[in-house]
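Participant: Protein chains in written order, with the working numbering: chain A, 843 to 1230; chain H, 843 to 1230.
There are 2 protein chains.
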Amino acid sequence: MSNASVRSVTSVPPVGRPGPGGPVRAAGPTASATAGPTTLRQVARAAEVSMATVSRVLAGNYPVAPPTRQRVLRAVRELDYVANAHARALRGHATPTVALVLADLRDEATARIAQGVEEEAAEHGRGCLIGTTGGDPRRERAVLRSMRQQGAGAVVLIGDGDQGPAHQAELAGIAGSLAAAGSRLVLCGRPAPTGATSATVVDYDNEGGAYALVSDLLARGHRQVLFLGPTTGGGTAAGRLAGYRRALTDHGLPVRPALLAGGGLGRAEAHDRLARLLATRRADRADPAGTGFSAVFAVTDQAAAGALTALRAAGLSVPDDISLVGYGDSDRATDLLPQLSTVHVPYTELGRAAVRLALAREPAATGRHAVLPTHLVPRHSTAPPPPA
Amino acid sequence: MSNASVRSVTSVPPVGRPGPGGPVRAAGPTASATAGPTTLRQVARAAEVSMATVSRVLAGNYPVAPPTRQRVLRAVRELDYVANAHARALRGHATPTVALVLADLRDEATARIAQGVEEEAAEHGRGCLIGTTGGDPRRERAVLRSMRQQGAGAVVLIGDGDQGPAHQAELAGIAGSLAAAGSRLVLCGRPAPTGATSATVVDYDNEGGAYALVSDLLARGHRQVLFLGPTTGGGTAAGRLAGYRRALTDHGLPVRPALLAGGGLGRAEAHDRLARLLATRRADRADPAGTGFSAVFAVTDQAAAGALTALRAAGLSVPDDISLVGYGDSDRATDLLPQLSTVHVPYTELGRAAVRLALAREPAATGRHAVLPTHLVPRHSTAPPPPA
DNA sequence: CTGTTAGCGCATTCAG
DNA sequence: CTGAATGCGCTAACAG
């Protein structure tokens, strides 16, 4: 009863709305003494009702006498009360958040997926908790663990997914834990971990896009297409390489190892690798462009940007001497000169689909593998090869 | 006592580590009956100790007998237990998260800031809660409110900040509420709301960068520089326009309204506006390039990309006929041909600084206004004007 | 060293 | 219609 003597805050002049200048903080000893957010109890005291009544007014699902309701609402406004989400969550009545785990937000594809995830989550009334890993599998596990602690209702994992079988197995374990806790792991834009029955996968037609891209090149008459990107590992690049291989094979052409240039997903690496290749090749060969290939399939648009610079530096014109294609249909594809032919990937939709699947009621959604279509976007960086 | 008859889970075979294939879920009635995450109580029962002991083992700040400790750790592993972050938060011993509010993750500058925020937050051991607004002030307020409910230890607001005085006032109120709850609002890359004493601001030298950029143009001999971007409002563009004005004035040149082209921050709008302008001007004037200006200051790199396309379409060469500069030093600046001269903005560092200030112990950090430096990055899109 | 107790803020029984 | 009591999962005082 020690606090019972505290005067009600309703004696404060009726300033009402917490408009410009900030809401009115209670001047009484209670409010000024304790730092930290206003609690339900404080509101109850101010409105001279019980906590239960305040709760009911706020929930709105229960009959409350109009005068009481007014008193409560007024106190809520004056004390600038907002409910504590943690307490709600603990009580079991908070909509769990969607967790988003990714390597780096600065990557355009990642950012697009993330935006999709965030939008869809918001439409379902869920917040979105984000964690970055820098591509480090260890940090990925740590972040995933932390998301589990937060009680995430669903975890969306964005990324390349090429981190070795051990990590894949670890992921399978995490997927199982999440599933056991009533949550769900959704892998977005990366292959399913081997043997993970509990993980849901949302992917796009990586291989099909590459197939279309290379087929288009072949249809224009190209016979030597350089694949500029990683040729090992099981990540995103693997699907694109598979499409490249299939297109060649279907057209009765051999997959020549000399045309598998290797490299990374980024701009700098692609640039350097192609530049070196051009320097070497031109000394050896005697084909039209002096390179041993008439077209370059860069594994990403970023890589294509690097490739373009290297080609230009070597005095080669795109698409007159060499055709160039990228993958991803990023913003930069239209900034390049010539504008880059590429494959459109519905990144934002990928993120949305991931959340929809993650939040789906039916347990059948667990372990599902959704694949979104991709399509070729022909622009101005492709042309028939120059006449021999 | 109804649950007291449940057999201890230690009778499960010693599979141990939750490796590939997922952790071992307890097979007893307790674990399989209740869905949802494992609780401390379940672990305590399994290890045949009290909840407090489990808590102590996990916290590690308290002496526990080695055998007991082993039993507990084993149960934790077998039940795949992780602590409930909400309960921790409620108890008061969880590090609050950093909330991040922004319009759209797909914007490169925003993504960079966000990455910085996330990195710095992680280094402080805080999670990062993200919410997008789509640039809508109403959604911004809603998101901010929700962040407050989540008990965010700090709220970082990224954005253009040009939404009118009413919204600014509203923001001031929110800053006050946050401050009263022991949290803090940090505005990142946007001007301080008028009269908000409770908001902290982290900005960059927007005006100085523009000043340097335009001064460089003037030093090269340009006298008519077109400002391509918004000329009204108090957002990001305002500071850049101010730098433009000051540079002109300092060099004894008038600010000619005809050279204030207006437009938006994006690529498309800049392109269309410049294209229209070029069509009109060339019919009227008779200066070297036939445009009435010899250089274009595009308010962002994106706008510069649009401007470049428009200039090229009009048969104008950059930088031979017209010089072009952007702002932001985005990735695309080096993809353009010629590579774009621009102003570097330390976006990632901006995000980091925002979190540092947000989490600073000293209350003095509230209401502070930090300004990070910018610098000119001369590349190949600027040259002296063509001889008359 | 370990167990028991209390309470964080809230929503929800159950009594009035 | 409203108030008092209970417990979500956890940790920090207190006892042993």
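Glycine included, C-beta positions come from ideal geometry on N, C-alpha and C.
List the DSSP bridge partners of residue 1179(A).
Facilitator: Taking the first sequence and counting its residues from 1, the one referred to as residue 1179(A) is at position 337. According to DSSP, residue 1179(A) bridges with nothing at all.
Participant: Is there at least one Cβ from chain H nearer than 9 angstroms to residue 879(A)'s Cβ?
Facilitator: Position 37 of the first sequence, counted from the start, is the residue given in the question as residue 879(A). Yes, residue 879(A) lies at the interface with chain H (some Cβ there is under 9 angstroms from its Cβ).
Participant: So, does the region 993-1001 of chain A touch the region 990-1005 of chain H, judging by three or more C-beta pairs under 8 angstroms?
Facilitator: Counting Cβ pairs under 8 angstroms, fewer than three are found: no touch.
Participant: DSSP state of residue 1224(H), grouped into three classes?
Facilitator: As a first step, residue 1224(H) must be located in the second sequence, where it is residue number 382. Coil.
Participant: Would you mind telling me which residues of chain A sit closer than 7 angstroms to residue 924(H), beta carbon to beta carbon, in chain order?
Facilitator: As a working note, residue 924(H) is residue 82 in the second sequence. Correct list: 987, 990, 991.
Participant: Which residue spans inside the region 1108-1171 of chain A form an unbroken beta strand (DSSP E) run of at least 3?
Facilitator: 1137-1140, 1165-1167
Participant: Over what stretch of residues does the alpha helix (DSSP H) that includes residue 1053(H) continue unbroken?
Facilitator: The residue labelled residue 1053(H) in the question sits at position 211 within the second sequence. 1048-1061 is the extent of the alpha helix (DSSP H) around residue 1053(H).
Participant: Does the beta-carbon of residue 1069(A), which I'm using as the reference point, lie nearer than 8 angstroms to any heavy atom of the ligand ADP?
Facilitator: Among the components of this structure there are no ligands whatsoever, and the ligand ADP is therefore not found.
Participant: Rounded to whole angstroms, what is the Cα-Cα separation between residue 1147(A) and residue 1173(A)?
Facilitator: As a first step, residue 1147(A) must be located in the first sequence, where it is residue number 305. As a first step, residue 1173(A) must be located in the first sequence, where it is residue number 331. Looking at the two C-alpha atoms, the distance is approximately 11 angstroms.
Participant: Below 8 angstroms between beta carbons is the criterion; list the residues of the region 947-981 of chain H that meet it against any residue of chain A, in chain order.
Facilitator: 947, 948, 950, 953, 954, 956, 957, 960, 961, 964, 969, 970, 971, 972, 973, 974
Participant: Can you pull the chain H residues whose beta carbon is under 7 angstroms from the beta carbon of residue 928(A), in chain order?
Facilitator: Position 86 of the first sequence, counted from the first residue, corresponds to residue 928(A). Proximity of chain H to residue 928(A) at the Cβ level (cut-off 7 angstroms) is accounted for by 928, 931, 932, 993, in chain order.
Participant: Quick check on this structure: which residue in 1106(H), 1044(H), 943(H) has the alpha carbon closest to the alpha carbon of residue 1141(H)?
Facilitator: In the second sequence, residue 1141(H) corresponds to position 299, counting from 1. Closest by alpha carbon: 1106(H).
Participant: Say whether chain A places a C-beta atom closer than 9 angstroms to the C-beta of residue 1157(H).
Facilitator: As a position in the second sequence, residue 1157(H) is number 315, starting the count at 1. No, its Cβ sits nowhere closer than 9 angstroms to a Cβ of chain A.
Participant: My understanding is that residue 1053(A) touches residue 1089(A), with C-beta atoms under 8 angstroms, so please give their C-beta distance in whole angstroms.
Facilitator: As a working note, residue 1053(A) is residue 211 in the first sequence. As a working note, residue 1089(A) is residue 247 in the first sequence. Between residue 1089(A) and residue 1053(A) the Cβ distance is about 5 angstroms, and since that is below 8 angstroms, they are a contact.
Participant: What did DSSP end up calling residue 1212(A) once you bin it into helix, strand or coil?
Facilitator: Here residue 1212(A) refers to the residue found at position 370 of the first sequence. Three-state result, residue 1212(A): strand.
Participant: If you check the beta carbons only, do residue 907(A) and residue 896(A) fall under 9 angstroms apart?
Facilitator: Translated into positions along the first sequence, residue 907(A) becomes position 65. Translated into positions along the first sequence, residue 896(A) becomes position 54. It is not a contact, given that the beta carbons lie outside the stated cut-off.
Participant: Identify the continuous alpha helix (DSSP H) that holds residue 1081(H) and give its terminal residues.
Facilitator: Counting from 1 along the second sequence, the entry for residue 1081(H) is found at position 239. Where residue 1081(H) is concerned, the enclosing alpha helix (DSSP H) stretches over 1078-1092.
Participant: Check the Cβ of residue 1023(H) against every Cβ in chain A and list those closer than 9 angstroms, keeping chain order.
Facilitator: On the second sequence, position 181 is the one that residue 1023(H) refers to. Those within 9 angstroms of residue 1023(H) in chain A are 877, 878, 879, 880, 922, 924.
Participant: Whole angstroms is fine: what's the gap from residue 1031(A)'s alpha carbon to residue 1008(H)'s?
Facilitator: Stepping through the first sequence from its first residue, residue 1031(A) is reached at position 189. Stepping through the second sequence from its first residue, residue 1008(H) is reached at position 166. One C-alpha to the other measures close to 42 angstroms.
Participant: Ignoring anything shorter than 3 residues, give me the beta strand (DSSP E) runs that lie fully in the region 931-984 of chain H, in order along the chain.
Facilitator: 940-944, 970-974
Participant: What are the residues that DSSP puts in a beta bridge with residue 1217(A)?
Facilitator: Position 375 of the first sequence, counted from the start, is the residue given in the question as residue 1217(A). The partner list for residue 1217(A) (beta bridge, DSSP) reads 1186(A).
Participant: What residues of chain A sit near residue 1200(H), judged by a beta carbon separation below 7 angstroms?
Facilitator: Locating residue 1200(H) in the second sequence gives position 358, where the first residue counts as 1. Here the premise fails: no neighbours, minimum Cβ distance about 16 angstroms.
Participant: Using alpha carbons as the reference points, say which of 946(A), 892(A), 1182(A), 909(A) lies closest to residue 954(H).
Facilitator: Taking the second sequence and counting its residues from 1, the one referred to as residue 954(H) is at position 112. Nearest C-alpha to residue 954(H): 946(A).
Participant: Expressed to the nearest angstrom, what Euclidean distance is found between the alpha-carbon atoms of residue 978(H) and residue 1217(A)?
Facilitator: Reading the second sequence from its first residue, position 136 is the one you call residue 978(H). Reading the first sequence from its first residue, position 375 is the one you call residue 1217(A). Residue 978(H) and residue 1217(A): Cα-Cα distance of roughly 32 angstroms.
Participant: Tell me which residue opens and which closes the alpha helix (DSSP H) that residue 899(H) is part of.
Facilitator: As a working note, residue 899(H) is residue 57 in the second sequence. From DSSP, the alpha helix (DSSP H) with residue 899(H) extends over 893-901.
Participant: How many angstroms separate the CA atom of residue 1092(H) from the CA atom of residue 1159(H)?
Facilitator: One-based indexing of the second sequence puts residue 1092(H) at position 250. One-based indexing of the second sequence puts residue 1159(H) at position 317. Spanning the two alpha carbons is a distance of roughly 29 angstroms.
Participant: Helix, strand or coil: which one does DSSP assign to residue 917(H)?
Facilitator: Along the second sequence, read from residue 1 onward, the residue named residue 917(H) stands at position 75. Residue 917(H) falls in the helix class under three-state DSSP.
Participant: With a threshold of 8 angstroms, are at least 3 pairs of Cβ atoms found where one atom belongs to the region 1191-1203 of chain H and the other to the region 949-968 of chain H?
Facilitator: Output reads yes: the region 949-968 of chain H touches the region 1191-1203 of chain H.
Participant: Measuring CA to CA, which of 909(H), 1060(H), 970(H), 1028(H) is closest to residue 940(A)?
Facilitator: Taking the first sequence and counting its residues from 1, the one referred to as residue 940(A) is at position 98. Minimum Cα distance to residue 940(A) is reached at 970(H).
Participant: Let me make sure I understand the geometry here. Which of 1098(H), 944(H), 926(H), 1012(H) has the alpha-carbon closest to that of residue 936(H)?
Facilitator: Position 94 of the second sequence holds residue 936(H). The residue with the shortest Cα to Cα distance from residue 936(H) is 926(H).
Participant: Since residue 1045(H) sits in a beta bridge, which residues does DSSP pair it with?
Facilitator: As a first step, residue 1045(H) must be located in the second sequence, where it is residue number 203. The partner list for residue 1045(H) (beta bridge, DSSP) reads 1213(H).
Participant: How is the beta strand (DSSP E) around residue 1067(A) delimited, first residue to last?
Facilitator: On the first sequence, residue 1067(A) is found 225 positions in, with the first residue counted as 1. Its beta strand (DSSP E) spans residues 1067-1070.
Participant: Taking 9 angstroms as the threshold (beta carbon to beta carbon), is residue 939(A) in contact with chain H?
Facilitator: For the purposes of this step, residue 939(A) is taken as residue 97 along the first sequence, with counting starting at 1. Judged by the 9 angstroms Cβ criterion, residue 939(A) is in contact with chain H.
Participant: Would residue 1180(H) and residue 1221(H) qualify as a contact pair, given that the criterion is a beta-carbon distance under 9 angstroms?
Facilitator: Here residue 1180(H) refers to the residue found at position 338 when the second sequence is read from its first residue. Here residue 1221(H) refers to the residue found at position 379 when the second sequence is read from its first residue. Using a Cβ distance threshold of 9 angstroms, residue 1180(H) and residue 1221(H) count as a contacting pair.
Participant: Taking just the CA atoms, how far does residue 1006(H) sit from residue 916(A)?
Facilitator: Within the first sequence, numbered from 1, the residue matching residue 916(A) stands at position 74. Within the second sequence, numbered from 1, the residue matching residue 1006(H) stands at position 164. Approximately 28 angstroms, taken between the alpha carbons.
Participant: Contact defined as beta carbons within less than 8 angstroms: I believe residue 1104(H) pairs with residue 1143(H). What is the distance between those atoms, to the nearest angstrom?
Facilitator: If you number the second sequence from 1, residue 1104(H) lands on position 262. If you number the second sequence from 1, residue 1143(H) lands on position 301. The pair is not a contact, with the Cβ atoms about 18 angstroms apart (cut-off 8 angstroms).
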